[in-house]
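Engineer:
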Amino acid sequence: MTNKIYSSAAEAVADIPDGASLAVGGFGLVGIPAVLIDALLDQGAGDLKTVSNNCGTDGFGLGKLLEARRITRTTASYVGANKEFARQYLSGELEVELTPQGTLAERMRAGGAGIPAFYTPAGVGTMVAEGGLPLRYDGDGGVAVASEPKEVRVFDGEQYVLERSIVTDFALVHAHRADTAGNLQFRGTARNFNPDAAMAGRVTIVQAEEVVREGEIDPADVHLPGIYVQRIVEVGRQETGVEIEKLSSKGEDQ
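Each step along the sequence shown adds one to the number in the UniProt record's numbering, with nothing skipped, and position 1 is 1.
1) Which one of P195, R107 and T180 has the shortest CA to CA distance from R187?
2) Measure from the alpha carbon of T57 to the alpha carbon of each residue in A39, G112, P33 and G46, then state which is nearest.
3) Taking DSSP as the reference, what is the three-state secondary structure of V154?
4) For R136, which of G92, F60 and G125 has the nearest alpha-carbon?
5) Please determine if the region 59–79 and the region 205–222 are in contact, where contact requires at least 3 C-beta pairs separated by less than 8 Å.
6) Classify K49 as helix, strand or coil using the three-state DSSP reduction.
7) With DSSP collapsed to three states, give me the class of residue 259.
8) Would you mind sorting R109 into buried or exposed? The rule is 16 or more other CB atoms within 10 Å of its CB.
9) Do R237 and G31 have their C-beta atoms within less than 8 Å of each other?
10) Using beta-carbon positions only, say whether V124 and Q159 come within less than 8 Å of one another.
11) So the candidates are G142, E130, F193 and A68; which of them puts its Cα closest to the Cα of P121?
12) I need the DSSP call for A23, collapsed to helix, strand or coil.
13) So is A171 buried or exposed if we call it buried at 16+ other beta carbons inside 10 Å?
14) Please state the DSSP three-state secondary structure of G28.
15) The ligand SAM heavy atoms versus the CB of Q207: any closer than 7 Å?
16) Out of curiosity, what's the CA-to-CA distance linking V24 and L41?
17) For Y137, does the three-state DSSP call read helix, strand or coil?
18) Going by other Cβ atoms of all chains shown within 10 Å of its Cβ, with 16 needed for buried, is I37 buried or exposed?
19) Take V79 and list the residues in its own chain whose beta-carbon comes closer than 6 Å to its own, dropping the five residues that flank it on each side.
20) In angstroms, rounded to a whole number, what distance separates the CA positions of V242 and A175?
21) Cutting at 6 Å between CB atoms, please list the residues of its own chain near A104, excluding the five before and the five after it.
22) First and last residue of the beta strand (DSSP E) that includes T103?
23) Whose C-alpha, out of R107, I232, R164 and A45, is nearest the C-alpha of V173?
24) Under a CB-based cut-off of 8 Å, is V203 close to chain B?
25) So what does DSSP say about D218, is it helix, strand or coil?
26) With distances taken Cα to Cα, identify the nearest neighbour of E163 among E209, Y228, I227 and P116.
What follows is the structure in structure tokens.
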């Protein structure tokens, strides 16, 4: 059996080249493969094309790669929690494909399942289906590149839009436990986009809080089979510290 265990995050991401596409797990501050992202920041690869829910937050996760101008395009479903993300997008420095959140998850899952495309009702009657969403601004308030219209078909009297699946060069994923065969167990809400991202990557790199021998994870607790995983790094228990994604006072965001 191929050895999937790597001695360090630096070793695991060493061959990610400039221009690579990356599916990245996590949601907000939860389930972020922060150790792998930091290793990639140190490694130096640029012109990256990422696929993730929200492309990190300011100063954390993919937000660090954004601040270093290492990401040139991202497919995401949410922009609002990252001021630098919004600034780069509106100034024309970053190309952004905004995608409904459930559609984004299914596009990654479908890519890993070998499904080239699928129909969904999400986005019918909007710019998601009809085209015209700004992919890149020109820096002066105008749109430099806009999305193209997508195919819409009727099934049983309802309209559905065709969405292409996503397959990326690499995937960066956080897991609670992994065994040496690559079987993964996620913990609580950290499961979020991580299984989908893992499926989408041609080479999936996992930071696991704990690595155990093959067979030590009960089959009923395996959330993703090892066939999707090529590299594993043990990183220990990960804590985001005292960071709070949004502060509120009397029900109003600060």
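A virtual CB, placed ideally from N, CA and C, is assigned to each residue, including glycine.
Structural biologist: This is what the structure holds:
1) As a first step, residue 187 is located in the sequence shown; it is residue number 187 there, counting from the start. Comparing Cα positions, the closest option is P195.
2) As a first step, residue 57 is located in the sequence shown; it is residue number 57 there, counting from the start. Per the Cα distances, P33.
3) On the sequence shown, position 154 is the one that residue 154 refers to. The answer is strand: DSSP assigns V154 an E or B state.
4) Translated into positions along the sequence shown, residue 136 becomes position 136. Measuring from the Cα of R136, the nearest candidate turns out to be G92.
5) no
6) Within the sequence shown, numbered from 1, the residue matching residue 49 stands at position 49. The answer is strand: DSSP assigns K49 an E or B state.
7) The chain is shown only over 1 to 254; residue 259 falls outside these bounds and no answer can be derived.
8) In the sequence shown, counting from the first residue as 1, residue 109 sits at position 109. It counts as buried.
9) In the sequence shown, residue 237 corresponds to position 237, counting from 1. In the sequence shown, residue 31 corresponds to position 31, counting from 1. Going by C-beta atoms, R237 is not nearer than 8 Å to G31.
10) Along the sequence shown, read from residue 1 onward, the residue named residue 124 stands at position 124. Along the sequence shown, read from residue 1 onward, the residue named residue 159 stands at position 159. The answer is yes: Cβ separation under 8 Å.
11) Residue 121 sits at position 121 when you count from the first residue of the sequence shown. Here the closest residue by C-alpha is E130.
12) Position 23 of the sequence shown holds residue 23. Strand.
13) Position 171 of the sequence shown holds residue 171. Classification for A171: buried.
14) Within the sequence shown, residue 28 is the residue found at index 28, counting from 1. Here G28 sits in coil by DSSP.
15) Judged by which ligands are present, the structure shown has none, so any question about the ligand SAM falls away.
16) In the sequence shown, residue 24 corresponds to position 24, counting from 1. In the sequence shown, residue 41 corresponds to position 41, counting from 1. Near 14 Å, if we compare the C-alpha coordinates of L41 and V24.
17) If you number the sequence shown from 1, residue 137 lands on position 137. Looking at Y137 - three-state DSSP - the assignment turns out to be strand.
18) For the purposes of this step, residue 37 is taken as the residue at position 37 of the sequence shown. With 16 or more Cβ atoms within 10 Å of its Cβ, I37 is classed as buried.
19) What you label residue 79 is simply residue 79 of the sequence shown in a count that begins at 1. Correct list, in chain order: F85 and A86.
20) Here residue 242 refers to the residue found at position 242 when the sequence shown is read from its first residue. Here residue 175 refers to the residue found at position 175 when the sequence shown is read from its first residue. Confidence at V242 is low in this model, with a pLDDT of 45, below 50, so its placement is unreliable and no value can be given for it.
21) As a first step, residue 104 must be located in the sequence shown, where it is residue number 104. One detail in the question is off: residue 104 reads as Leu in this sequence, not Ala. Excluding residues within five positions, the ones whose Cβ falls inside 6 Å are S77.
22) Along the sequence shown, read from residue 1 onward, the residue named residue 103 stands at position 103. Looking at the DSSP string, T103 is not in any beta strand (DSSP E); the run it does join, the alpha helix (DSSP H), is Q101 to A113.
23) To locate residue 173, count along the sequence shown from 1; it is residue 173. The shortest Cα separation from V173 among R107, I232, R164 and A45 belongs to I232.
24) No chain B is present in this structure, which holds just one protein chain.
25) By one-based count along the sequence shown, residue 218 stands at place 218. The three-state secondary structure of D218, taken from DSSP, is coil.
26) As a first step, residue 163 must be located in the sequence shown, where it is residue number 163. Nearest of E209, Y228, I227 and P116 to E163, Cα basis: P116.
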